[in-house]
Amino acid sequence: MAEIGIDLQAAFVTNIMNTPSSDNTKAKDLATSLVNGDRRSLAKSITLVESRRPKDAAAASLLINAALPHAGRTVRIGLSGAPGVGKSSFIEAFGTWLISQGKRVAVLAVDPSSRRTGGSILGDKTRMVKLAQSQSAFIRPSPAGTTLGGVARRTRESIILVEAAGFDVVLVETVGVGQSETAVADMVDMFIVLVSPSGGDELQGTKRGIMELADLVIVTKADGDLMPAATRTAAEYTVALHLMKPKFKNWSPAVALVSSTLRTGVSEIWTEVQKFERHLNALQEWDNQRRRQKISWLWNELREGLLGLLTENVEIKAELTLLEKKVAGGSMAPPVAAKVILSRVLGKS
């Protein structure tokens, strides 16, 4: 094990030493401007880390490493909910209220991508007009691409960058709610699920898995003719949440009523966030949760890197194509084919 550790460290040092000086300069200049609060540099930094071009990888890694010591002093909030529930409207109301309280707010809004063309709407700025105009807000829409979990491929890195730029609250809006729309819960401090006023059908249609991850539930559109339905929905979710196993000791997620149009119930959400933070700090879970998320990030990177080997290595890619045909034709079992490829990747031919 010691030899493996030495080899890995040597490989890392060699990799850094072989990084072109232009990449080092680019990362250093961006990091310096970023920490000084330059918004243009922040946008450029996120574009760099989101880039899929191999030539940008080294500079992106150096930039994240440089930004890391300046990050972590924020409250990270994930927001998920079915399309049409009013996530963007809530963020507009909540974000502008936070700014009125002296906070700087960063919004990482993930837009759905077309699986056929890869295109995305990227229209969150048009849905958050007032917030987008504030100098104390930064809104960055990014395409979800083929990434599962309702978040963009480099959301974790984007969080680090906006924190290094001096923002106080980071809001991560996901593309929707479903079986795979839970990755955001593994990169934020508090996970909030938004639901619409309705009858029992809404509760039945909500995935149990995502509700078990919720630290707070918000019933939106709680005004006018929808107020009675919103009140009933809140009562139903309150009962359902009490029947679920607590995510954290002695913490039962509250269910709040909010009208983004009338701005009612918005300030109470921040009260719930602060209450949650105090509770987790008392349990020493706030920092522990972030440590677990860093380890999860490491394993995600390892998985992505290993999968990348399958598409970047010409010989392995060719053999994988042949094995896919055998698997599809029924002449080879998928586990056997996977072991063949893994043996090639590990050099155990």
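Going by the numbering used here, 139 is the number at position 80 of the sequence shown; the sequence numbering is gapless. Ideal Cβ placement from N, Cα and C applies to all residues, glycine included.
By the Cβ test, the segment 274-283 is in contact with the segment 305-316, since at least three Cβ pairs between them sit closer than 8 Å.
Annotated three-state conformation of G388 is helix, per DSSP. Residue nearest to S257 within the set L401, M286, R350, K189 is M286 (criterion: CA-CA distance). The segment 132-142 and the segment 240-254 touch, with three or more beta-carbon pairs separated by less than 8 Å. Under DSSP, V276 forms a beta bridge with V252, V314.
Rounded to whole angstroms, the separation of the alpha carbons of A299 and A90 is 46 Å. An exposed status is given to D88, since fewer than 16 other beta-carbon atoms sit within 10 Å of its beta-carbon. Inter-residue distance for S311 and W329 is about 17 Å (C-alpha atoms, whole angstroms).
Per DSSP, V188 has no beta bridge partner at all. Taking a 10 Å sphere around the C-beta of E109, we find 16 or more other C-beta atoms and assign the residue as buried. Approximately 4 Å separates the beta-carbon atoms of K385 and M391; this is inside 8 Å, confirming the contact. Membership of V228 in the beta strand (DSSP E) is indicated by the continuous run 228-232. If you look at S139, you'll find it in the beta strand (DSSP E) that goes 134-140.
For L382 against I375, the beta-carbon gap comes to about 10 Å, at or over 8 Å, which does not count as contact. The beta carbon of Y296 sits closer than 6 Å to those of V276, V314, all from its chain and outside the five residues before and after it, given in chain order. Ranked by how close their Cα comes to the Cα of G140, the residues S148, V221, Q343, V254 have V254 in first place.
The DSSP assignment places 313-316 as complete runs of the beta strand (DSSP E) inside the segment 292-339, in order along the chain (cut-off: 3 residues).
Within 10 angstroms of the beta-carbon of P113 lie fewer than 16 other beta-carbons, which makes it exposed.
S92 and I198 have their C-alpha atoms roughly 18 Å apart. Only exposed fits E363, as fewer than 16 other CB atoms lie within 10 angstroms of its CB.
Here the segment 215-227 makes contact with the segment 113-129; the two share three or more CB pairs at distances below 8 Å. A direct Cα-Cα distance of roughly 26 Å separates S319 from R267. The DSSP assignment places complete alpha helix (DSSP H) segments of no fewer than 4 residues inside the segment 343-400 at 344-371, 373-388, in order along the chain.
Excluding its 5 nearest sequence neighbours in each direction, A165 has C-beta neighbours in its own chain below 6 Å: F197, V221, F226, V229, listed in chain order. In this model, I400 and L366 are separated by some 11 Å (Cα to Cα).
The three-state secondary structure of A288, taken from DSSP, is helix.
In the assembly as shown, E360 is an exposed residue. Its beta-carbon has fewer than 16 other beta-carbons within 10 Å.
The three-state secondary structure of R199, taken from DSSP, is strand.
Between the C-alpha atoms of T84 and A102 there is a straight-line separation of about 18 Å. Nearest neighbour of G96 by Cα position, chosen from N340, E271, S195, L339, turns out to be S195.
In this structure L138 is in contact with V231, their Cβ atoms being roughly 7 Å apart against a cut-off of 8 Å. Under DSSP, V164 takes part in a beta bridge, and its partners are A196, V228. DSSP places V169 within a strand segment (E or B) once states are collapsed to three. Only exposed fits M303, as fewer than 16 other CB atoms lie within 10 angstroms of its CB.
Relative to the Cα of W156, the nearest Cα in the group L190, V243, E371, T214 belongs to L190. One thing to note: L167 has its Cβ within 8 Å of the Cβ of T214.
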